[in-house]
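Down below is the structure, laid out as structure tokens.
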């Protein structure tokens, strides 16, 4: 049955909804301007944020223009569902506060970096699995094949990856050829410096080729994380890796042992030591015997990006 066309003044609702859309637009603009958006999403998602910014601005302006016009607008629907504006102040207040509160808190409170309180509820990947999906033991379960990428250069005695990290430009996936070259370079060198852009594939290569990695010197950085059953001289040097946004963040890391009892959790450290192997929770994993450890400031971009390996 066709509904009767009704004419009402919905200017207030149009105005509030327009302001809310403009509010979300300004919040996204603030995150982009301060580069704090990089703490929430992977760089490859930025193009969608720019598009959303434009759409919110247009829709918000149109609603505000409509609200400030003197013409009354009709509201009618030819479907059987019930679609209406809030009929009371209480309902309207409840509805709009659901949107206003997130906008307000986004402006008032600082962005938090993921830390141990989040890591304790995620699977800690001590190493990573191979492309053949060979599963290895982790702190809290099994893991899947995950890789990341960048370019690298090597010499006969050390391996140092390209350290340039453009927060607005996420690297493209490694090709199989690039991944194999990275693997061969790491197997031939005596010193391995784990780079942020190559973090996931380098950790994968160490785990998948652990017998050949034993005795090599490795240097890595991350935040201090401990499991409840760890000994006082054991920590995990951990990093959060994200594919799209912080909601899908995974925790990567490598166990280290040494004089670390006094290190507080979440403290960022640079660790250098020799790769050995140990048994943990029924599996064989790499462990760093610490030769040198130093406290460092958290990097501007604390996350590593898991972009994968491209199958040709």
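Numbering (the numbering used here), first residue to last: 65 to 376.
Glycine included, C-beta positions come from ideal geometry on N, C-alpha and C.
Values in this document were obtained by computation on a predicted structure and should not be read as measured data.
Report back the beta-carbon spacing between residue 251 and residue 348 to the nearest angstrom; my notes put them in contact at under 8 Å.
Within the chain shown, residue 251 is the residue found at index 187, counting from 1. Within the chain shown, residue 348 is the residue found at index 284, counting from 1. Rounded, the Cβ-Cβ distance is 18 Å, inconsistent with contact.
What three-state label does DSSP hand residue 177 in the structure shown?
Start at 1 with the first residue of the chain shown, and residue 177 comes out as number 113. Coil at residue 177, not helix or strand.
Could you check the C-alpha separation between residue 262 and residue 279 for me, to the nearest Å?
As a first step, residue 262 is located in the chain shown; it is residue number 198 there, counting from the start. As a first step, residue 279 is located in the chain shown; it is residue number 215 there, counting from the start. Rounded to the nearest angstrom, the two C-alpha atoms are 21 Å apart.
Should the stretch 87-104 be called in touch with the stretch 150-167, which here means at least 3 C-beta pairs below 8 Å?
yes
Per DSSP, which residues does residue 359 bridge with? Please list them.
Numbered from its first residue, the chain shown carries residue 359 at position 295. Bridge partners of residue 359: 333.
Please classify residue 321: does DSSP put it in a helix, a strand, or coil?
Indexing the chain shown from 1 puts residue 321 at position 257. Looking at residue 321 - three-state DSSP - the assignment turns out to be strand.
My assumption, with CB atoms under 8 Å, is that residue 374 sits in contact with residue 265. Please give the rounded CB distance.
As a position in the chain shown, residue 374 is number 310, starting the count at 1. As a position in the chain shown, residue 265 is number 201, starting the count at 1. Actually they are not in contact, since the Cβ atoms of residue 374 and residue 265 sit about 12 Å apart, beyond 8 Å.
To which residues does DSSP link residue 342 through a beta bridge?
Counted from its first residue, the chain shown places residue 342 at position 278. Looking at the DSSP assignment, residue 342 forms a beta bridge with 349.
Rounded to a whole number of angstroms, what is the C-alpha to C-alpha distance between residue 267 and residue 258?
What you label residue 267 is simply residue 203 of the chain shown in a count that begins at 1. What you label residue 258 is simply residue 194 of the chain shown in a count that begins at 1. Roughly 8 Å separates the two Cα atoms.
DSSP state of residue 365 mapped onto helix, strand, coil:
The residue you call residue 365 lines up with position 301 of the chain shown. Residue state, collapsed to three classes: coil.
Am I right that residue 325 and residue 335 are in contact with their C-beta atoms under 8 Å? What's the rounded C-beta distance?
The count along the chain shown starts at 1 and reaches residue 325 at position 261. The count along the chain shown starts at 1 and reaches residue 335 at position 271. With 8 Å as the limit, residue 325 and residue 335 do not qualify as a contact, their Cβ atoms being about 15 Å apart.
Give the C-beta separation of residue 188 and residue 300 to the nearest angstrom, bearing in mind that I take them to be a contact with Cβ-Cβ under 8 Å.
Reading the chain shown from its first residue, position 124 is the one you call residue 188. Reading the chain shown from its first residue, position 236 is the one you call residue 300. Right, their Cβ atoms sit about 6 Å apart.
Cutting at 6 Å between CB atoms, please list the residues of its own chain near residue 127, excluding the five before and the five after it.
Mapped onto the chain shown, residue 127 falls at position 63. Answer for residue 127: 78, 81, 82, listed in chain order.
May I have the straight-line CA-CA distance separating residue 358 from residue 322, to the nearest angstrom?
The sequence position of residue 358 within the chain shown is 294, counting from 1. The sequence position of residue 322 within the chain shown is 258, counting from 1. The alpha-carbon atoms of residue 358 and residue 322 are separated by roughly 12 Å.
Under DSSP, the alpha helix (DSSP H) around residue 310 begins and ends at which residues?
On the chain shown, residue 310 is found 246 positions in, with the first residue counted as 1. Where residue 310 is concerned, there is no enclosing alpha helix (DSSP H), given that its DSSP letter is neither H nor E.
Does the beta-carbon distance from residue 304 to residue 367 come in below 8 Å?
Taking the chain shown and counting its residues from 1, the one referred to as residue 304 is at position 240. Taking the chain shown and counting its residues from 1, the one referred to as residue 367 is at position 303. For residue 304 and residue 367, yes; Cβs fall inside 8 Å.
Report the option in 98, 75, 105, 100 whose CA atom is closest to the CA atom of residue 311.
Sequence index remark: in the chain shown, residue 311 carries index 247 (1-based). Nearest of 98, 75, 105, 100 to residue 311, Cα basis: 105.
Tell me whether the beta-carbon of residue 302 lies closer than 8 Å to the beta-carbon of residue 183.
Along the chain shown, one-based indexing puts residue 302 at 238. Along the chain shown, one-based indexing puts residue 183 at 119. Yes, these two residues count as a Cβ contact at 8 Å.
Three-state secondary structure (DSSP) of residue 257:
If you number the chain shown from 1, residue 257 lands on position 193. The answer is strand: DSSP assigns residue 257 an E or B state.
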